[in-house]
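2 protein chains.
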Amino acid sequence: MQGNVIFNVDAKLSTMNMSKLPKLFQVELDRRTGIPRRYKRKLVRRLSDLRGFFSDNKMVGQMLERGKNPIIYEVYEIPQAPSEGLFSLACTVLRPGKIGREYYFTKGHFHAKEPASEVYVGLKGRGMLLLQNREGKIAHLPLEAGNVVYVPPQWAHRAINTGRGKLVFLAVYPSSAGHDYGSIKKSGFAKLVVERGGKPALISSRSLKR
Amino acid sequence: MQGNVIFNVDAKLSTMNMSKLPKLFQVELDRRTGIPRRYKRKLVRRLSDLRGFFSDNKMVGQMLERGKNPIIYEVYEIPQAPSEGLFSLACTVLRPGKIGREYYFTKGHFHAKEPASEVYVGLKGRGMLLLQNREGKIAHLPLEAGNVVYVPPQWAHRAINTGRGKLVFLAVYPSSAGHDYGSIKKSGFAKLVVERGGKPALISSRSLKR
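So the sequences go chain by chain: A and B.
This note's numbering applies: residue 1 is where the first sequence begins, and numbers increase by one.
This note's numbering applies: residue 1001 is where the second sequence begins, and numbers increase by one.
See below:
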């Protein structure tokens, strides 16, 4: 469980070479940052990894051309082999910031293998979870220090940092759930979360120019 | 998700009348106590509910005869129907105290339906998780404010409060996992956690008089 191996590409758990027999373990969360003191893998998502996800594609292109490629979020993973009854853990650190008026967010995904729930425990900061089911129904729930969010099967979920500090949360999910990012990249969420008068507001994703 | 319905008997999730379609929800954890502000069911475990679990049966009998029946722990549950891919949540508040030299603990259980993992997030206090597999192998891990414990399938688990304040932790587990308390009540854990010189110590469960 120790290590600092960093991949900044989509790496699927199913490709990982791990024992089928998970071990007992415990890990401390750093009091100041919320980050697990040990983890198996760290994913780094930069702006370039989220190309096509933010509504203002033009601004993203300009930033990248100018060599500006900020880290949007990092994920500290403690995955298990994708076997029935096993859970993976991941701690996400979502930076504060905006692309235009749109707050930084995680890509968002459906689970590739359903039914699979996910539980989030908010550790630091203030934000929300934007959810959308396969029928296009949309919902949102607060995700912040000291709350717990339950995401049932069939709901795509995206975290959004609407605060001034980092948004840090722990996720627990079946190790076999997998990630379907494609559906979200293709169709997008029907709503965006933008700053309006200093506060977060949900607007239709069609109302912002692309 | 709201309510204060209290049962202080073993109630199985599978007997509960709940919709098969779980809803999205979020719940705040009280900052001071760690207890979810909303929950479905509260279990109260008193000394009388743990008769036969502590090593000093004689003392337990004497206490109960004298009308002393302290609360050992409370569990605030947000269960889901026992369907594949759903998770139940439970927040346990384990009081500080001892029966003789033995620290207060939860009954401990195997999961009735395997494979089923469980993840604990320590919210308040200081204690440990005592674990034992079907082959009798024993292990222990810290469980305390700010850590996360992973319990893989096939490990019975018991929380023990070795601190001076309440031990509060959140558990995430498959809603279909169920609880097998019988195996533990029958065979017991091979180790006990007792106070020795003001500190917790693991001793063989045969070394204390019954």
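Glycine included, C-beta positions come from ideal geometry on N, C-alpha and C.
Is it true that the CB of residue j sits closer than 7 Å to the CB of residue i?
i: Ile1184(B); j: Ala1156(B); result: yes
i: Glu1028(B); j: Asn147(A); result: yes
i: Gly127(A); j: Thr162(A); result: yes
i: Leu1143(B); j: Tyr1120(B); result: yes
i: Lys113(A); j: Gly178(A); result: yes
i: Phe169(A); j: Gly122(A); result: yes
i: Tyr1073(B); j: Arg1041(B); result: no
i: Ala1159(B); j: Thr1106(B); result: yes
i: Val1149(B); j: Gln26(A); result: yes
Considering only residues of the same chain and omitting the five flanking positions on each side of residue i, which have a CB-CB separation below 6 Å?
i: Pro1115(B); result: Pro1153
i: Val75(A); result: Leu43, Ala90 and Thr92
i: Phe110(A); result: Ala156, Asp180 and Ser183
i: Asp1056(B); result: Ile1099 and Gly1100
i: Phe54(A); result: Val60, Ile99 and Glu102
i: Gln80(A); result: Pro22, Leu86, Ser88 and Ser175
i: Asn1004(B); result: Note that Asn1004(B) has pLDDT 31, beneath the 50 cutoff, so the model's placement of it is unreliable and the number below is only indicative. Result list for Asn1004(B): empty, nothing under 6 Å.
i: Gly1188(B); result: Ser1205
For residue i, which residues from the same chain have a beta carbon less than 7 Å from its beta carbon, with the 5 sequence-adjacent residues on both sides left out?
i: Ala139(A); result: Leu131
i: Lys1166(B); result: Val1093, Leu1094, Arg1095, Pro1096, Lys1124 and Gly1125
i: Asp30(A); result: Arg37
i: Leu1047(B); result: Val1060, Met1063, Leu1064, Asn1069, Pro1070 and Ile1072
i: Arg134(A); result: Gln154
i: Leu50(A); result: Ile72 and Lys107
i: Lys1058(B); result: none
For residue i, I'd like the list of residues in its chain whose CB is within less than 8 Å of its CB, leaving aside the five on either flank, ordered along the chain.
i: Ala190(A); result: Gln132, Gly136, Ile138, Ser204 and Ser205
i: Leu1141(B); result: Met1128, Leu1129, Leu1131 and Val1149
i: Ile1035(B); result: Leu1029, Tyr1076, Cys1091, Val1093 and Val1168
i: Tyr1104(B); result: Ile1072, Tyr1073, Leu1094, Arg1095, Pro1096, Gly1097, Lys1098, Ile1160 and Asn1161
i: Gly198(A); result: none
Throw me the rounded Cβ distance for the residue i and residue j pair, which I believe falls under 8 Å.
i: Val1193(B); j: Glu1102(B); result: 7 Å
- Message: Output needed in chain order: residues of the stretch 1139-1152 of chain B with a Cβ under 8 Å from some Cβ in chain A.
- Response: Those would be Ala1139, Leu1141, Pro1142, Leu1143, Gly1146, Asn1147, Val1148, Val1149, Tyr1150, Val1151 and Pro1152, in chain order.
- Message: What are the residues in the stretch 106-117 of chain A lying within 7 Å of chain B by C-beta distance?
- Response: Of all residues in the stretch 106-117 of chain A, Glu114, Pro115, Ala116 and Ser117 have a Cβ within less than 7 Å of some Cβ in chain B.
- Taking Cβ-Cβ distances below 8 Å as the criterion, which residues of the stretch 1156-1182 of chain B are in contact with chain A? Cβ contacts with chain A: Leu1170, Val1172 and Pro1174.
- Relative to chain B, which residues along the stretch 82-104 of chain A have a C-beta separation below 8 Å, given in chain order? Flagged, chain order: Ser83, Glu84, Gly85, Leu86, Phe87 and Leu89.
- Query: Which of the residues in the stretch 21-32 of chain A, read from start to end, lie with their CB under 8 Å from any CB of chain B?
  - Reply: From the stretch 21-32 of chain A, only Leu21, Pro22, Lys23, Leu24, Phe25, Gln26, Val27, Glu28, Leu29 and Arg31 have a Cβ closer than 8 Å to chain B.
- Positions along the stretch 119-135 of chain A whose CB lies within less than 7 Å of some CB in chain B: From the stretch 119-135 of chain A, only Val119, Val121 and Leu131 have a Cβ closer than 7 Å to chain B.
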